[in-house]
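Quick notes on the structure that follows.
There are 2 protein chains.
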Amino acid sequence: MREIITHEERVYDGRVIHLALLDVTLPNGSAAKRELVRHPGAVAVVALIGEDVLMVRQFRIAAGQVMLEIPAGTLNPGEDPLLCAERELQEETGYRPGALESLGGIFVAPGYTTEFIHLFLATGLIESRLAMDADEFIEPARMPLRELVAMIERGEIQDGKTITAALKVARRLGI
Amino acid sequence: MREIITHEERVYDGRVIHLALLDVTLPNGSAAKRELVRHPGAVAVVALIGEDVLMVRQFRIAAGQVMLEIPAGTLNPGEDPLLCAERELQEETGYRPGALESLGGIFVAPGYTTEFIHLFLATGLIESRLAMDADEFIEPARMPLRELVAMIERGEIQDGKTITAALKVARRLGI
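Quick note, the sequences are listed as chains A and B, same order.
First residue of the first sequence: 19, per this note's numbering; consecutive thereafter.
First residue of the second sequence: 19, per this note's numbering; consecutive thereafter.
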């Protein structure tokens with residue numbers, strides 16, 4: 019079922035994403051084009067304090083709205099996802115994790131982007147402020163996991179990684 | 019918290035995705051750049067026959083592997099997501115839905131792509147074959163929802179929309 023890349027044209031090299039046009043050979047031997055966004059990958063963290071989840075609100079220009087999400091961030095090239103999760107959690111919430119446990123991960127849109135998000139559960143949080151990135155405007159929020167799950171069930175949360183990670187944790191905790 | 023777009027440069031116009039470079043004004047009045055992928059949106063369907071979910075296996079070049087996913091597809095411009103869900107389900111599984119119910123939707127990566135996936139639950143399936151797209155090589159699969167959820171819990175499913183939609187349905191059905 020595999021497709022073989024026969025030629026790659028780099029269309030754009032940006033700060034976060036890179037766009038390539040691929041010529042591929044299909045399983046039946048015929049040729050096709052593929053549009054591919056290369057992305058360094060990311061992390062996202064369900065951080066629990068007791069029964070509460072630490073969340074962030076931020077304007078997302080691609081969605082055209084302020085969204086409620088779990089803390090997350092893009093990997094630096096070659097960065098260990100665990101270290102990235104620790105850093106992003108500190109930057110966005112002012113807490114660092116006592117323990118980080120993998121919740122697996124997701125390809126966000128395997129039809130056209132390489133982005134893979136490593137999902138983590140953070141517990142034993144310790145207050146520890148870090149400076150934010152200069153162009154991030156993030157408002158912290160905090161709510162019971164049970165309430166977050168109810169919002170997901172009502173369709174009020176629309177961020178893919180947040181739903182995936184929160185529902186995975188809810189299953190583990192029997193919520 | 020909003021960002022205002024002051025200038026847009028179209029970098030690439032493709033078959034499915036369009037890449038734009040935006041100049042934006044941040045909430046504090048300073049300027050920043052944003053890389054934005056415009057995407058027409060998509061649908062994905064949890065299709066139940068009794069306790070089984072209809073799935074598809076396909077090679078995903080962005081993930082570099084064959085992935086197990088729920089049936090899904092890209093919206094044609096202006097297309098009603100319900101009609102798209104019906105069509106894609108038929109094309110990929112050979113069944114059309116007796117009933118389609120919304121499961122909400124997800125922004126797959128609101129940091130850089132406009133793609134929103136409308137999620138549906140399909141029941142009352144009726145056999146009805148449609149021709150596939152010429153460059154799609156899709157292998158149908160079928161498994162109990164309970165088994166799909168177990169695979170998700172073990173980290174064996176890595177497609178974001180599949181995990182989101184399957185866990186939403188599992189909660190509804192008390193699985």
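Here a beta-carbon is modelled for each residue, glycine too, at the ideal position from N, C-alpha and C.
Computed from a prediction, not measured in an experiment: that's the story for all the values here.
- Fewer than three pairs of CB atoms, one per stretch, sit closer than 8 angstroms, so the segment 94-106 of chain B makes no contact with the segment 28-43 of chain A.
- In this structure, A38 (chain A) places its C-beta atom within 8 angstroms of the C-beta atom of R56 (chain A).
- Only exposed fits T24 (chain B), as fewer than 16 other CB atoms lie within 10 angstroms of its CB.
- Annotation for G178 (chain B): no beta strand (DSSP E) segment contains it, though the alpha helix (DSSP H) segment containing it runs G178 to L191.
- Residue-level contact check: Y113 (chain B) does not touch chain A, since none of the beta carbons of chain A fall below 8 angstroms from its beta carbon.
- Under the DSSP definition of a beta bridge, A38 (chain B) partners with B:R28 and B:L54.
- Here the alpha carbon of L137 (chain A) sits roughly 15 angstroms from the alpha carbon of P58 (chain A).
- A183 (chain B) is not a Cβ neighbour of G142 (chain B), given a cutoff of 8 angstroms.
- Shown here, L107 (chain B) sits in a helix according to DSSP, grouped into three states.
- Comparing C-alpha distances from D177 (chain A) to each of A:I124, A:R20 and A:I144 shows the shortest one belongs to A:I124.
- With a threshold of 8 angstroms between beta carbons, D177 (chain B) makes contact with chain A.
- Segment contact: the segment 104-113 of chain B against the segment 63-79 of chain B, three or more CB-CB distances shorter than 8 angstroms; contact assigned.
- A direct Cα-Cα distance of roughly 44 angstroms separates A50 (chain B) from A168 (chain B).
- T131 (chain B) and L54 (chain B) have their C-alpha atoms some 6 angstroms from each other.
- Straight through space, the alpha carbons of I67 (chain B) and S120 (chain B) are spaced by roughly 17 angstroms.
- Per DSSP, the unbroken alpha helix (DSSP H) holding M169 (chain B) starts and ends at L163 to E171.
- Ranked by Cα distance from R78 (chain A), the options B:A140, B:E26 and B:M19 are led by B:M19.
- In chain order, G112 and Y113 place their CB closer than 7 angstroms to the CB of E145 (chain B), counting only its own chain and leaving out the 5 sequence neighbours on each side.
- Secondary structure of L137 (chain B) (DSSP, three-state): strand.
- Beyond the five residues adjoining it in sequence on each side, R164 (chain A) comes within less than 6 angstroms, by CB distance, of I193 in the same chain, given in chain order.
- Using a Cβ distance threshold of 8 angstroms, I175 (chain A) and Q76 (chain A) do not count as a contacting pair.
- Going by C-alpha positions, E87 (chain B) is about 15 angstroms away from V126 (chain B).
- At a cut-off of 8 angstroms between C-beta atoms, R52 (chain B) counts as an interface residue with respect to chain A.
- Annotation for G91 (chain A): the continuous beta strand (DSSP E) segment containing it runs A90 to T92.
- In this structure, B:E133 is the residue among B:G96, B:A159, B:P162 and B:E133 with its C-alpha nearest to the C-alpha of K179 (chain B).
- Within chain A, the residues placing a beta-carbon under 8 angstroms from that of F155 (chain B) are M19, L44, P45 and N46, ordered along the chain.
- Residues of the same chain with a CB within less than 6 angstroms of the CB of L148 (chain B), apart from the 5 flanking positions on each side, are Q108 and E109 in chain order.
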